[in-house]
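Shown next, in structure tokens, is the structure this report addresses.
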Amino acid sequence: PCLSTWNRECSGYRDGILDAHVHPYSGAIGDDILLQDDNSRPHRARIVDDYFQQETIQRMEWPGRLPDMNPNEHVWNAL
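What follows is the structure in structure tokens.
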């Protein structure tokens with residue numbers, strides 16, 4: 006019963022979050038969409054990986070737990 010509950014929650018996550026938020030943006034950007042995430046465990050769940058493969062969304066190669074995740078964030082400090 007625990008596994009079936011987990012599967013329902015995961016499909017709800019996929020349908021309610023990924024389909025609702027990622028799909029519209031990926032459609033607007035087009036076939037060249039490249040996703041940058043921080044490579045942390047929640048972003049690397051199997052259900053998310055499967056969804057991105059299904060939608061042909063590529064992920065940027067990014068080392069896990071990089072201390073300077075976004076080099077552009079320091080631009081504001083320089084300005």
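Quick note, the sequence shown lines up with residues 6 to 84 if you use the numbering used here.
Glycine included, each C-beta is placed from N, C-alpha and C at the ideal position.
All figures in this text were calculated on a predicted structure; none of them were measured in a lab.
Beta-carbon within less than 6 Å of Leu15's beta-carbon, same chain only, minus the 5 sequence neighbours each way: which residues are those? Looking at the sequence itself, residue 15 is Cys, so the reference to Leu does not match. Here the set comprises Ile52.
Can you list, in chain order, the residues of its chain whose CB lies under 7 Å from that of Ser31, leaving out five sequence neighbours each side? Ile38, Glu60, Ile62
Please return the same chain residues whose Cβ sits closer than 6 Å to the Cβ of Leu40, not counting the five positions on each side in sequence. Ile62, Arg64
My output table needs one value for Leu40: the three-state DSSP class, helix, strand or coil. strand
Assigned exposure category for Leu84 - 16 Cβ within 10 Å defines buried: exposed
What is the residue span of the alpha helix (DSSP H) that His28 lies within? 28-34
Along the chain, where does the alpha helix (DSSP H) containing Ile52 start, and where does it finish? 51-59
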